[in-house]
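Listed in order, the protein sequences are those of chains A and B.
All residue numbers for the first sequence refer to this note's numbering, where the first residue is 1 and numbers rise by one.
All residue numbers for the second sequence refer to this note's numbering, where the first residue is 1 and numbers rise by one.
Idealized CB from N, CA, C, for every residue including glycine.
Accompanying notes for the structure given below.
2 protein chains.
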Amino acid sequence: MATSSSPLHPYWPRQLKLDNFVPNDRPTWHLLAGLFSTAGVLLVTTWLLSGRAAVVPLGTWRRLSVCWFAVCGFIHMVIEGWFIVYHEDLLGDQAFLSQLWKEYAKGDSRYLLNDNFMICMESITAYLWGPLSLMLVLTILRQKPIRFVLQLVVSVGQIYGDVLYFLTEYRDGFQHGELGHPLYFWFYFVFLNSLWLVVPGILVLDSVKQLTRAQSMLDARPTKAKSKRN
Amino acid sequence: MATSSSPLHPYWPRQLKLDNFVPNDRPTWHLLAGLFSTAGVLLVTTWLLSGRAAVVPLGTWRRLSVCWFAVCGFIHMVIEGWFIVYHEDLLGDQAFLSQLWKEYAKGDSRYLLNDNFMICMESITAYLWGPLSLMLVLTILRQKPIRFVLQLVVSVGQIYGDVLYFLTEYRDGFQHGELGHPLYFWFYFVFLNSLWLVVPGILVLDSVKQLTRAQSMLDARPTKAKSKRN
Numbered sequence: 001m002a003t004s005s006s007p008l009h010p011y012w013p014r015q016l017k018l019d020n021f022v023p024n025d026r027p028t029w030h031l032l033a034g035l036f037s038t039a040g041v042l043l044v045t046t047w048l049l050s051g052r053a054a055v056v057p058l059g060t061w062r063r064l065s066v067c068w069f070a071v072c073g074f075i076h077m078v079i080e081g082w083f084i085v086y087h088e089d090l091l092g093d094q095a096f097l098s099q100l101w102k103e104y105a106k107g108d109s110r111y112l113l114n115d116n117f118m119i120c121m122e123s124i125t126a127y128l129w130g131p132l133s134l135m136l137v138l139t140i141l142r143q144k145p146i147r148f149v150l151q152l153v154v155s156v157g158q159i160y161g162d163v164l165y166f167l168t169e170y171r172d173g174f175q176h177g178e179l180g181h182p183l184y185f186w187f188y189f190v191f192l193n194s195l196w197l198v199v200p201g202i203l204v205l206d207s208v209k210q211l212t213r214a215q216s217m218l219d220a221r222p223t224k225a226k227s228k229r230n
Numbered sequence: 001m002a003t004s005s006s007p008l009h010p011y012w013p014r015q016l017k018l019d020n021f022v023p024n025d026r027p028t029w030h031l032l033a034g035l036f037s038t039a040g041v042l043l044v045t046t047w048l049l050s051g052r053a054a055v056v057p058l059g060t061w062r063r064l065s066v067c068w069f070a071v072c073g074f075i076h077m078v079i080e081g082w083f084i085v086y087h088e089d090l091l092g093d094q095a096f097l098s099q100l101w102k103e104y105a106k107g108d109s110r111y112l113l114n115d116n117f118m119i120c121m122e123s124i125t126a127y128l129w130g131p132l133s134l135m136l137v138l139t140i141l142r143q144k145p146i147r148f149v150l151q152l153v154v155s156v157g158q159i160y161g162d163v164l165y166f167l168t169e170y171r172d173g174f175q176h177g178e179l180g181h182p183l184y185f186w187f188y189f190v191f192l193n194s195l196w197l198v199v200p201g202i203l204v205l206d207s208v209k210q211l212t213r214a215q216s217m218l219d220a221r222p223t224k225a226k227s228k229r230n
């Protein structure tokens, strides 16, 4: 039986008072399987779609980038969108996505604490990078000239948000989760969030390369065109 | 004479305890004149320089953008750089830039409170957008093909940081300054920070237009080239 001084929740720092907390009634594997199988189905569907729906045949890496942005659209708009709408009620709610957030919060309790920065950053992610990720799926499939510009904007935005996410918690002394815990710290907090540094990092370099090459070509045109370009 | 319940500082919320606070010994006009005349000299110098140092003649708007990035480099690296290095000591310090921050903080006391988000966001601004702004001055003058890509990245970064800056304070109920004060709220907090929404907003549109045009040209090339481009 818990004594009066031991907390009745799994979150850090351990002395947090979370009176409205209702423990999840779904097991962890259930929540993770639900999330990853949905993302997986979306990924495979987009992969197949990208082989047929593109106006010009796309290479493997380009098709994978379409899959990435489809998954980003889903995670930003559905998962993080849920957080934006229900962040005040997560602690006591038992909807699937609320339980998913209560599970994730074992690695970062700021998601249950109405942390001001977190809500602002997640709002921009859900309302801006989410829809723009879906727009990227279309613009890449349709080979629109804006595609690499959009890819650069979304990827820079994701990296900036993620750097702030890590940096604020680093400066807080990693107090919102059990430092070094294999699942909660290393997998939820470090690994999952690092994906949004690594993949957008690659896509930023890709955009820079593509757009710089395009600009080089434009700059190399004869003088008549040059007068319009600076 | 102040009673024990009245604060001995000009910051909001009024009940803040700021025991180490030492009032500025320079008048406000002195601090503002110092800041704006330095920025003004830098602006005029860059304007003149951009008429001579560019490898191809630049139009008026392009020259103004060079001036903008020179001023951004100065503000991000010197003013905000000072904040990053000395934010823990500002309250009791009388160096010119510390007094400037104590003056500005009348519109937003978070700069004196070691606010975690503020320090993280300003670090990225000082260490990343600052040097990249200076690099932009050179890349525009030298007509480097990367210039609009860099302009897009820096401008998106500035806008994102600024939106978070306003959004966090909005969600905090504008409690860190006197709401509606003509100088502290409207000029320091609203006007000065709005500049970093409006100007980067225009420069994002400019980059999008330029880069999309360049990409259109590249996409319109014959098939041999097309196989390399997706």
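Neighbourhood of residue i by C-beta distance below 6 angstroms, restricted to the same chain and skipping five residues each side
| i | result |
| --- | --- |
| B/Gly157 | Trp129 |
| A/Arg142 | Val55 |
| A/Leu211 | Phe148 |
| A/Ser155 | Pro200, Leu203, Val204 |
Cα-Cα separation, residue i to residue j
| i | j | result |
| --- | --- | --- |
| B/Leu195 | B/Val153 | 17 angstroms |
| A/Pro200 | B/Asn20 | 43 angstroms |
| B/Thr139 | B/Leu64 | 14 angstroms |
| B/Ser133 | B/Trp68 | 9 angstroms |
| B/Val137 | B/Phe148 | 11 angstroms |
| B/Pro231 | B/Leu150 | The structure shown has nothing for residue 231 of chain B, since chain B only spans 1 to 230. |
| B/Met217 | A/Ala214 | 7 angstroms |
| B/Val198 | A/Val22 | 45 angstroms |
| B/Leu91 | A/Leu167 | 24 angstroms |
| A/Tyr121 | B/Asp108 | Note that residue 121 of chain A is Met in the sequence shown here, rather than Tyr. Rounded to the nearest angstrom, the two C-alpha atoms are 20 angstroms apart. |
| A/Ser123 | B/Leu48 | 43 angstroms |
| B/Ile146 | A/Leu164 | 26 angstroms |
| A/Lys144 | B/Val66 | 30 angstroms |
| A/Ser4 | A/Arg14 | Model confidence at A/Ser4 stands at a pLDDT of 48, short of 50, so the residue's coordinates are unreliable; what they give is reported in the following sentence. Distance between the alpha carbons of A/Ser4 and A/Arg14: 13 angstroms. |
| A/Tyr127 | B/Ala53 | 43 angstroms |
| B/Ala105 | A/Gly34 | 48 angstroms |
| B/His9 | B/Leu16 | 9 angstroms |
Cut-off 8 angstroms between Cβ atoms - residues of its own chain near residue i, not counting five sequence neighbours on either side
| i | result |
| --- | --- |
| A/Lys228 | Note that A/Lys228 scores 46 on pLDDT, short of 50, meaning its location in the model is unreliable; the coordinates nonetheless yield the value given after this. Nothing meets the Cβ criterion. |
| A/Asp25 | Gln94, Gln99 |
| B/Lys226 | Here the model assigns B/Lys226 a pLDDT of 46, short of 50, so the residue's position is not dependable, and the following value carries that caveat. The residues are Asp219. |
| B/Thr38 | Phe74 |
| B/Asn193 | Asp162, Tyr165, Phe166 |
Own chain partners of residue i with C-beta closer than 7 angstroms, once the 5 adjacent residues on each side are dropped
| i | result |
| --- | --- |
| A/Asn230 | Any answer about A/Asn230 is weak, because its pLDDT of 48 lies below 50 and its placement is not dependable; what the coordinates show is given next. Same-chain partners within the cutoff: there are none. |
| B/Leu237 | The requested residue 237 of chain B does not occur in the structure, where chain B is confined to residues 1 to 230. |
| B/Leu42 | Ala70, Val71, Phe74 |
| B/Phe185 | Gly107, Gly177, Glu178, Leu179 |
| B/Phe83 | Trp101, Tyr111, Glu122 |
| A/Tyr86 | Asp93, Ser98 |
| A/Arg12 | This sequence places Trp at residue 12 of chain A; Arg is not what is there. These residues qualify, in order along the chain: Ser109, Gln175, His176, Gly177, Glu178. |
Buried versus exposed, by CB contacts within 10 Å (16 or more), residue i
| i | result |
| --- | --- |
| A/Leu179 | exposed |
| B/Thr28 | exposed |
| B/Ser116 | Strictly speaking, residue 116 of chain B in this sequence is Asn, with Ser absent from that position. By the neighbour-count rule (16 or more Cβ atoms within 10 Å), B/Asn116 is buried. |
| A/Arg110 | buried |
| A/Gln175 | exposed |
| B/Phe36 | exposed |
| B/Asp172 | exposed |
| B/Leu205 | exposed |
| B/Tyr170 | exposed |
| A/Glu80 | buried |
Backbone secondary structure at residue i - three-state DSSP
| i | result |
| --- | --- |
| B/His76 | helix |
| B/Leu113 | coil |
| B/Glu103 | helix |
| B/Gln143 | coil |
| A/Arg26 | coil |
| B/Pro200 | helix |
| A/Pro10 | coil |
| A/Leu18 | coil |
| A/Arg221 | coil |
| A/Gln175 | coil |
| B/Ala53 | coil |
| A/Leu192 | helix |
| B/Gly130 | helix |
| B/Gln151 | helix |
| B/Met1 | In this prediction, B/Met1 scores a pLDDT of 43, lower than 50, which makes its location untrustworthy; no coordinate-derived value is stated. |
| A/Gly161 | helix |
| A/Gly34 | helix |
Contacting positions in the stretch 125 to 145 of chain B - beta carbon closer than 7 angstroms to chain A
Gln143, Pro145
Name the residues in the stretch 161 to 182 of chain B whose C-beta lies less than 7 angstroms from a C-beta of chain A; which are they?
Taking 7 angstroms as the Cβ-Cβ cut-off, the stretch 161 to 182 of chain B approaches chain A at Val163, Leu164, Leu167, Thr168, Arg171, Asp172, given in chain order.
Give the residues from the stretch 70 to 89 of chain B that approach chain A closer than 8 angstroms (Cβ to any Cβ), ordered along the chain.
none
Below 7 angstroms between beta carbons is the criterion; list the residues of the stretch 148 to 161 of chain B that meet it against any residue of chain A, in chain order.
Phe148, Val149, Leu152, Val153, Val156, Gly157, Tyr160
Check each residue of the stretch 193 to 217 of chain B: if its Cβ is closer than 9 angstroms to any Cβ of chain A, include it; give the result in chain order.
Val204, Ser207, Val208, Gln210, Leu211, Thr212, Arg213, Ala214, Gln215, Ser216, Met217
Which residues, in chain order, does the stretch 94 to 124 of chain B contribute to contact with chain A at a C-beta distance below 8 angstroms?
Asn116, Phe117, Ile119, Cys120, Met121, Ser123, Ile124
Check distances from the C-beta atoms of the stretch 7 to 36 of chain A to those of chain B and list, in chain order, the residues that come in under 9 angstroms.
none
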